[in-house]
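Using UniProt numbering, read the sequence shown as starting at 1 and increasing by one per residue.
No residue lacks a Cβ here, since even glycine has one placed at the ideal position from N, Cα and C.
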Amino acid sequence: MSSKNKMDQEIIDKIISFIENMEFGTIQITVHDSQVTQIEKGEKYRFALKKNDKGKGKQ
């Protein structure tokens with residue numbers, strides 16, 4: 001496998017790993033001169049809101 005193909009596979013593997021290990025979030029891929037130079041991930045954690053049984057608002 002050539003050095004370029006090795007690097008391409010490493011990039012693909014990293015992107016797949018980010019996707020598989022993320023529940024909510026974004027993956028940003030930076031390209032410079034037709035080459036991937038950086039990959040960033042931003043994860044979000046979501047929590048369900050509990051309903052207030054005492055009414056709709058503060059009184």
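With residue i as the anchor, note down where its beta strand (DSSP E) starts and where it stops.
i	result
Glu43	35-43
Within the continuous alpha helix (DSSP H) that includes residue i, where are the two ends?
i	result
Asn21	Unbroken run through Asn21: none, as it is neither H nor E.
Could you tell me the distance, in whole angstroms, from the CA atom of residue i to the CA atom of residue j?
i	j	result
Gly42	Ser34	23 Å
Met1	Glu10	12 Å
Lys4	Ala48	45 Å
Thr30	Arg46	26 Å
Asp8	Asp53	54 Å
Ordered along the chain, which non-local residues of its own chain (more than five positions away) have a Cβ less than 8 Å from that of residue i?
i	result
residue 60	For the chain, the structure presents residues 1 to 59; residue 60 sits outside this window and is missing.
Just grab the DSSP bridge partners of residue i for me.
i	result
Ile27	Lys41
Residues in its own chain within less than 6 Å of residue i by CB, not counting five upstream and five downstream?
i	result
Ala18	The amino acid occupying residue 18 in the given sequence is Phe; Ala does not appear at that position. Same-chain partners within the cutoff: Ile27, Lys41.
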